[in-house]
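Numbering (the numbering used here), first residue to last: 2 to 310.
Quick reminder that beta carbons are idealized off the backbone N, C-alpha and C, glycines included.
A quick write-up on the structure given underneath.
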Amino acid sequence: MKIVTRFAPSPTGQLHLGHAFSALLAHRFARERGGAFLLRIEDIDSRRTREEFVAEIEENLRWLGIDWDGPIVRQSERLGLYQAALDRLRDRSLVYPCFCTRSEIAAEIARSAAAPHGPEGVVYPGTCRNLPENVRALRLPREPHAWRLDMEGALTTFCPCEGRSLAPATKLASCLCRSTLDWQDATVGNVEAHPERFGDVVLARKDAPTSYHLAVTVDDAAQGVTDVVRGRDLFGATDVHRLLQSLLDLPTPRYHHHPLLAGPDGGRLAKRHGAPTLAELRAGGADPRELGRALLAGHLPAGYSAATT
Ligand code: GLU
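As structure tokens, then:
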């Protein structure tokens with residue numbers, strides 16, 4: 002099967018060395034195997050997306066010597082695909098509308114004794130999960146709402162034994178059937194997915210008819226991506242993507258989560274920490290071939306090192 006990789010930046014800021022590293026790895030992985038490399042712009046967040054960042058992404062990738070196959074895909078032009086996926090989950094009652102504002106969620110968490118934390122912060126307390134149907138029907142046309150995955154309902158659907166032999170508190174997290182909900186990481190090997198750590202994730206935002214988790218899962222499948230090369234910061238999120246693949250009958254690609262580049266302080270490389278952007282390096286006369294070779298070989302410009310996390 003032909004290898005297909007992709008680079009999928011969000012145009013909400015300028016590209017820095019960490020993005021270059023990720024794009025170079027994904028590009029090399031495809032090209033060394035005679036495969037295709039795709040560029041997908043993840044621009045569903047219309048408040049933070051800026052057109053000049055999209056143009057800069059293209060310029061900077063070209064400058065680095067990275068070419069891509071086919072047209073650039075923009076998520077903002079594919080909202081119908083995500084809507085169709087959401088509808089499928091809604092038809093199976095696996096998503097529910099959530100009317101909560103951020104401050105209502107914070108207040109609810111403050112009131113409750115337990116506030117479990119997941120990989121994306123405090124887990125949604127489930128306020129809207131059990132709203133009566135007539136209340137939902139009244140509020141839906143009038144109030145802004147997100148759509149959340151009913152995580153327990155989704156896992157119960159997936160698990161043929163419904164965790165019958167286990168105590169309620171542990172039933173879905175440790176049910177034996179769950180060993181089939183796994184995925185492959187190039188470095189770690191087989192990973193058993195535990196998406197329940199994330200709670201009822203948002204699949205469609207109040208301001209966009211999708212979310213990162215849904216759009217990335219739908220697009221990787223629709224574009225035939227065989228190998229997802231991306232940073233280790235998204236390792237945990239793959240559990241959610243794996244669950245969505247299972248619920249939507251989509252194939253599971255192989256995953257290659259690479260280390261993140263760290264700044265001189267050991268922290269994650271990001272513009273807000275003063276990391277040089279590619280545009281700055283380019284303006285400063287950096288040699289893109291040398292930079293690309295160095296990054297791929299793990300030699301970073303002086304003062305930078307690969308993080309171990
Ligand atoms: N759009 C995401 C980002 O810029 C990356 C998504 C992915 O590679 O799965 O962080």
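Unbroken alpha helix (DSSP H) run spanning residue i, endpoints
i    : result
A295 : 289 to 297
T239 : 238 to 248
A86  : 80 to 92
D221 : 213 to 223
G19  : 18 to 32
L279 : 279 to 284
A209 : That residue, A209, is in no alpha helix (DSSP H); it is neither H nor E in DSSP.
E134 : 134 to 140
A107 : 103 to 112
6 Å Cβ shell around residue i - same chain, five flanking residues per side excluded
i    : result
L251 : A222
V74  : R41
Y125 : G200, D201
R1   : Only positions 2 to 310 of the chain appear in the structure, and residue 1 is not among them; the question remains open.
D68  : none
Nearest neighbour of residue i, chosen from the options [CA to CA]
i    : options               : result
V229 : E60, R29, T102        : R29
A298 : L26, T13, F8          : L26
G200 : T253, E153, D288, R93 : E153
L141 : Y97, D183, E121, V55  : Y97
E33  : I4, R51, A56, L16     : I4
A9   : A85, Y213, R103       : Y213
D220 : T157, Q246, P126      : Q246
L182 : R206, T157, T188      : T157
T253 : G71, V226, G268, G14  : V226
Near ligand 3: residue i beta-carbon under 7 Å from a heavy atom
i    : result
A209 : In the structure on display, ligand 3 does not appear, and the ligands it does have are ligand 1.
Endpoints, beta strand (DSSP E) assigned at residue i
i    : result
E59  : That residue, E59, is in no beta strand (DSSP E); its alpha helix (DSSP H) goes 52 to 64.
I42  : 37 to 42
Y256 : 255 to 259
P117 : It is not in any beta strand (DSSP E) - P117 carries neither H nor E in the DSSP assignment.
G232 : 228 to 232
Cβ-Cβ distance between residue i and residue j below 8 Å
i    : j    : result
T218 : L80  : no
R283 : N61  : yes
L150 : L235 : no
L95  : L215 : no
A194 : R243 : yes
Q185 : Y256 : yes
L248 : A155 : yes
Cut-off 8 Å between Cβ atoms - residues of its own chain near residue i, not counting five sequence neighbours on either side
i    : result
T128 : C99, C101, E105, I106, E109
S47  : S77, D208, A209
P120 : R198, F199, G237, A238
L65  : A21, A24, L25, L279, P289, L292, G293
P72  : none
Proximity test, Cβ basis, 8 Å: residue i and chain C
i    : result
A111 : No chain C is part of this structure, which consists of one protein chain only.
Cβ neighbours of residue i in the same chain (closer than 7 Å, five flanking residues each side left out)
i    : result
P12  : I42, D44, T50, R51, F54, V55, I58
T310 : With a pLDDT of only 46 at T310, under the threshold of 50, the placement of this residue in the model should not be trusted, and no figure is reported.
Among all residues, which have a Cβ less than 5 Å from at least one non-hydrogen atom of ligand 1, and in what chain order do they fall?
Residues lining ligand 1 by the Cβ criterion, that is a Cβ closer than 5 Å to any of its heavy atoms, are A9, P10, S11, E43, V217, R231 in chain order.
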